[in-house]
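Numbering (the UniProt record's numbering), first residue to last: 1 to 608. Structure first, then comments.
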């Protein structure tokens with residue numbers, strides 16, 4: 001009998017401050033969605049009320065599709081906690097439970113829609129694959145015997161390992177560290193999982209005891225924890241985009257590296273590490289996890305469990321770390337394409353294709369994605385260079401909350417567009433130092449060029465330009481690593497196939513503003529097209545794409561190849577921005593920006 005159903009891909013997306021599940025159709029459209037926002041993102045403001053904000057400072061309110069987690073410790077929440085300055089911890093069982101609850105809610109919505117579709121004579125929806133996207137580097141250790149996590153997960157942005165990192169930088173030969181950076185693609189940093197495991201071994205007696213026994217301790221990032229608990233097979237795997245962020249994986253071989261283990265004095269014989277696999281393959285069959293056994297204090301409702309039973313045995317077949325998932329979801333799938341997610345800060349990934357480039361400008365080398373079931377001209381691992389900006393959406397919040405220039409975050413674009421330029425004002429938003437390619441933790445926020453002519457609009461525009469100039473600096477450095485000429489951004493229009501950087505796909509809060517995206521396009525120049533993502537949930541969509549192309553039989557895939565993905569999803573929602581700036585003006589303003597950067601550097605010496 002022919003299957004008359006309409007295929008959907010379910011995506012479970014675990015972020016730093018929320019969990020969500022989304023059902024996508026072939027066009028990349030959301031059919032169902034549910035989100036749980038962690039209550040620990042709350043801020044108590046002057047009116048005495050608690051408000052939940054997005055990363056860009058926009059107020060979140062509960063709705064049919066969005067829950068705000070209870071902060072009452074007598075219940076299941078909270079998922080996140082901040083026990084000490086710089087510490088960020090997550091409860092692993094809660095993360096799993098939130099993802100499962102969101103998926104159950106989507107199944108409920110799908111079944112309601114199927115009743116409506118049946119009345120219209122339309123084919124029912126059916127979930128055929130499940131994909132996972134997750135915050136990277138977050139470190140979980142659990143017991144092989146009980147399945148329970150032993151510690152709170154240490155979240156990617158936790159900085160408790162700073163002393164370990166600084167000691168290593170000061171005691172290990174710089175040439176050796178550089179050799180290992182080229183091997184792993186990563187510098188020594190608090191971000192990556194290796195330093196977090198080292199801290200746990202040094203500071204947690206129970207974990208140290210289990211480590212010494214050498215037969216019970218299991219390590220995983222969020223992807224591994226989810227797949228292990230959501231598959232009947234208890235599949236113990238990590239996809240390359242997540243494994244490349246542990247600082248244990250060789251970026252060339254996709255295998256664990258003995259020299260990297262030795263650097264951190266960690267033995268893989270005393271801790272189990274997951275098998276490194278591709279981003280798109282069969283990991284295992286979905287099953288409803290036993291949350292009580294894992295230590296979760298709440299419980300799934302009987303309705304949720306019954307609905308999830310309907311999708312048991314659906315293959316989990318796609319997995320990507322969040323920034324790689326965003327790269328895929330924004331359709332930056334070809335060499336020379338880049339993506340920028342504008343949140344509190346910015347994450348930029350530049351697709352370098354088959355080449356794993358080691359940056360000379362401080363960018364990280366990571367894996368973009370690897371879809372081996374595609375044809376030979378697409379099935380190779382795609383590498384990427386990655387850079388980040390510390391301050392993006394947070395500068396908009398600062399203008400709103402500290403200077404009170406705007407009432408709502410959404411007002412920033414219209415205010416900035418009241419003037420044609422910044423009137424000579426340059427705003428370097430280095431509130432906590434500068435990241436790549438400047439790498440100066442002593443830099444601080446700086447506003448230069450103020451005159452009596454300066455208005456609120458000039459300052460607002462200069463603030464947005466400050467974010468966009470930093471994006472240009474990172475992209476310029478990445479393209480230089482790829483062999484571009486020093487001044488390529490000042491050249492005439494390039495082509496998608498041959499330009500070192502031809503496309504910047506964008507998502508996140510600031511990308512929703514036409515004014516901001518036009519400023520970004522003008523600053524980048526005519527070689528680069530700025531394209532707004534056709535889907536605001538690009539991270540979840542990327543995981544869905546990874547799952548939807550995974551079947552070795554092309555007839556059973558939701559998308560047959562990358563071209564099919566772009567044609568099916570890109571469509572009419574594609575919104576692009578081209579540079580309208582004059583070459584002379586753009587070069588002059590860039591030189592002014594670089595002068596401002598030099599003024600902002602070294603403002604707060606470390607010894608002060």
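The beta-carbon is built from N, C-alpha and C at its ideal position, and this holds for glycine as well. Model, not experiment: these values are computed from the prediction.
So what's residue i in DSSP terms, helix, strand or just coil?
i           : result
residue 441 : coil
residue 559 : coil
residue 617 : Because residue 617 is not part of the residues shown, which for the chain are 1 to 608, the question remains open.
residue 331 : coil
residue 576 : strand
residue 355 : coil
residue 509 : helix
residue 102 : helix
residue 469 : helix
residue 589 : helix
residue 365 : strand
residue 604 : coil
residue 315 : strand
residue 406 : coil
residue 434 : strand
residue 67  : strand
residue 199 : helix
residue 344 : coil
residue 179 : helix
residue 565 : helix
residue 414 : helix
residue 594 : helix
residue 455 : coil
For residue i and residue j, what's the separation of their Cα atoms in angstroms?
i           : j           : result
residue 457 : residue 542 : 37 Å
residue 241 : residue 320 : 6 Å
residue 88  : residue 247 : 20 Å
residue 249 : residue 453 : 55 Å
residue 649 : residue 101 : Summary: the structure shown does not reach residue 649, with the chain confined to residues 1 through 608, and so no result is reported for it.
residue 46  : residue 108 : In this prediction, residue 46 has a pLDDT of 43, which is less than 50 and means its spatial position is unreliable; what the coordinates show is noted afterwards. Residue 46 and residue 108: Cα-Cα distance of roughly 39 Å.
residue 562 : residue 206 : 47 Å
residue 91  : residue 132 : 18 Å
residue 251 : residue 187 : 13 Å
residue 291 : residue 238 : 21 Å
residue 404 : residue 509 : 19 Å
residue 565 : residue 27  : 8 Å
residue 547 : residue 374 : 12 Å
residue 573 : residue 168 : Model confidence at residue 573 stands at a pLDDT of 49, short of 50, so the residue's coordinates are unreliable and nothing is read from them.
residue 531 : residue 148 : 44 Å
residue 283 : residue 143 : 21 Å
residue 13  : residue 443 : 34 Å
residue 481 : residue 357 : 7 Å
residue 41  : residue 176 : Here residue 41 scores only 38 on pLDDT, less than 50, and its place in the model should not be relied on; the value that follows carries that caveat. In a straight line, the C-alpha of residue 41 is about 40 Å away from that of residue 176.
residue 278 : residue 227 : 14 Å
residue 137 : residue 322 : 10 Å
residue 408 : residue 507 : 19 Å
residue 429 : residue 161 : 26 Å
residue 255 : residue 276 : 7 Å
residue 307 : residue 122 : 21 Å
Would you list the residues sitting across from residue i in a DSSP beta bridge?
i           : result
residue 149 : 142
residue 277 : 239
residue 33  : 22
residue 532 : 506 and 575
residue 350 : 338 and 385
residue 134 : 14 and 321
residue 614 : Residue 614 lies beyond the stretch modelled for the chain, which goes from 1 to 608, so this question has no answer here.
residue 210 : Residue 210 pairs with nothing; no bridge assigned.
residue 426 : 448
residue 282 : BP columns for residue 282 are empty, so no partner.
residue 154 : 89 and 139
Assuming residue i contacts residue j under a Cβ cut-off of 8 Å, what Cβ separation, rounded to an integer in Å, is found between them?
i           : j           : result
residue 300 : residue 105 : Not quite, the Cβ-Cβ distance comes to about 11 Å (not below 8 Å), so this is no contact.
residue 331 : residue 384 : Contact doesn't hold; Cβ gap of about 14 Å is too wide.
residue 390 : residue 345 : 5 Å
residue 363 : residue 351 : In fact, because the Cβ distance is near 13 Å, the residues do not count as touching under 8 Å.
residue 285 : residue 318 : With 8 Å as the limit, residue 285 and residue 318 do not qualify as a contact, their Cβ atoms being about 14 Å apart.
residue 523 : residue 472 : 5 Å
residue 230 : residue 146 : That belief does not hold up - the Cβ atoms of residue 230 and residue 146 are roughly 18 Å apart, past 8 Å.
residue 80  : residue 225 : With a Cβ gap of about 16 Å, residue 80 and residue 225 do not count as contacting.
Closer than 7 Å to a non-hydrogen atom of the ligand ZN - does that hold for the CB of residue i?
i           : result
residue 393 : Of the ligands one can find in the structure shown there are none, so the ligand ZN has no counterpart to examine.
Alpha helix (DSSP H) runs contained entirely in the segment 79-126, provided each spans 4 or more residues: If we require 4 residues or more, the alpha helix (DSSP H) runs fully inside the segment 79-126 come out as 92-120.
If we require 3 or more residues per run, which beta strand (DSSP E) segments fall completely within the segment 217-272? Taken in chain order, the whole beta strand (DSSP E) runs of length 3 or more contained in the segment 217-272 are 217-220 and 237-239.
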